[in-house]
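Peer 1: Right, I'll just put the structure down here and ask away after.
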Amino acid sequence: MITRTVSRNPRTTQGDLVNDLQRAGTKVTKPTISNTLRRQGLKFCSARHVPLLKPVHVQAHLKFAREHFDGPEEDWENVIWSDETKIELFGKNSTRRVWRTKNAELHPNNTIPTVKHGGGNIMLWRCFSAKGPGRLIRVKERMNGAMYREILSENLLPSARASKMKCGWVFQHDNDPKHTAQTTKEWLRKKHFKVLEWPS
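Residue numbers (UniProt numbering): 1 to 200.
Now the structure itself:
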């Protein structure tokens with residue numbers, strides 16, 4: 001009954017199980033429950049935070065993975081990855097614990113969906129590649145398309161040179177509207193930057 005209960009609902013606590021068993025007429029302690037579940041290969045872990053994806057996003061990600069799965073590893077060494085992030089100085093850092101087996105950490109029942117654009121006090125842009133980190137830039141104002149292109153203009157090529165990227169390297173950024181704006185696409189085209197098609 002214990003294993004079946006946590007398989008159905010991994011967020012069940014030891015206290016919940018003690019209460020359920022007491023209602024069923026069985027007295028059991030938390031350590032007994034813990035030992036029983038551990039013998040079944042389950043341990044109580046923090047639920048992973050994962051992006052909240054709609055089914056259409058999941059399909060786009062799977063398509064991207066299938067298209068690139070068999071490519072040579074060296075292809076990825078030729079990519080400069082980039083992103084912006086907001087660091088929330090006073091954000092909630094909630095942790096939930098779940099019962100799971102060793103390889104089930106990313107099962108939806110064992111994760112906590114997160115939303116990417118929560119509040120925050122400091123924004124950063126960075127790029128990196130397999131060869132190491134590129135420049136780290138603090139964004140002091142609300143970023144718009146013009147500011148994004150300015151950041152790329154001042155930092156992308158110097159980062160590629162410092163990392164000694166091979167000729168024909170590829171630039172990656174996500175589908176933020178500033179990145180996919182026609183003016184940004186045109187700017188990247190004029191600079192002859194190859195851009196990795198990215199799933200939404």
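Cβ atoms here follow ideal geometry from the backbone N, Cα and C, with glycine treated the same way.
I think residue 99 touches residue 37, with their Cβ atoms under 8 Å apart; what is that distance to the nearest whole Å?
Peer 2: Indeed they touch by this definition, with Cβ atoms about 6 Å apart.
Peer 1: For the beta strand (DSSP E) that residue 126 lies in, which residues bound it at each end?
Peer 2: 122–129 is the span of the beta strand (DSSP E), which, as asked, contains residue 126.
Peer 1: Throw me the rounded Cβ distance for the residue 169 and residue 80 pair, which I believe falls under 8 Å.
Peer 2: That belief holds up - the Cβ atoms of residue 169 and residue 80 are roughly 6 Å apart, short of 8 Å.
Peer 1: Going residue by residue through the UniProt domain "Transposase Tc1-like" (1–69), where are the continuous beta strand (DSSP E) segments of at least 3 residues, counting only ones entirely within it?
Peer 2: Entirely contained in the UniProt domain "Transposase Tc1-like" (1–69), the beta strand (DSSP E) runs reaching 3 residues are, in chain order, 43–46, 48–51.
Peer 1: Can you tell which of 109, 146, 150 has its C-alpha closest to the C-alpha of residue 49?
Peer 2: Of the listed residues, the one whose Cα sits closest to residue 49 is 109.
Peer 1: Could you check if residue 5 belongs to the surroundings of the ligand ATP, using beta carbon to heavy atom distance under 8 Å?
Peer 2: The model depicted lacks the ligand ATP and carries no ligand whatsoever.
Peer 1: Residue range of the alpha helix (DSSP H) that residue 190 falls in?
Peer 2: Taken as a continuous stretch (DSSP letters only), the alpha helix (DSSP H) holding residue 190 covers 182–190.
Peer 1: On the criterion of 16 or more Cβ atoms from any shown chain inside 10 Å, does residue 17 qualify as buried, or is it exposed?
Peer 2: Result: buried.
Peer 1: Let me make sure I understand the geometry here. Which of 59, 175, 171 has the alpha-carbon closest to that of residue 189?
Peer 2: Nearest of 59, 175, 171 to residue 189, Cα basis: 171.
Peer 1: Nearest-angstrom Cα distance between residue 161 and residue 132?
Peer 2: Cα to Cα, the separation comes out at about 12 Å.
Peer 1: To the nearest angstrom, how far is the alpha carbon of residue 122 from that of residue 33?
Peer 2: Cα to Cα, the separation comes out at about 44 Å.
Peer 1: Going by beta-carbon coordinates alone, are residue 243 and residue 103 separated by less than 9 Å?
Peer 2: Outside the displayed range of the chain (1 to 200) lies residue 243, so it cannot be described from this structure.
Peer 1: Just to confirm the assignment, what range does the beta strand (DSSP E) spanning residue 84 have?
Peer 2: It spans 79–87 - the beta strand (DSSP E) in which residue 84 sits, taken as one unbroken run.
Peer 1: Who are the near neighbours of residue 69 in its chain, counting only those whose CB is closer than 8 Å to its CB and skipping five residues on each side?
Peer 2: There are no such residues.
Peer 1: List the endpoints of the continuous alpha helix (DSSP H) containing residue 168.
Peer 2: That residue, residue 168, is in no alpha helix (DSSP H); it is neither H nor E in DSSP.
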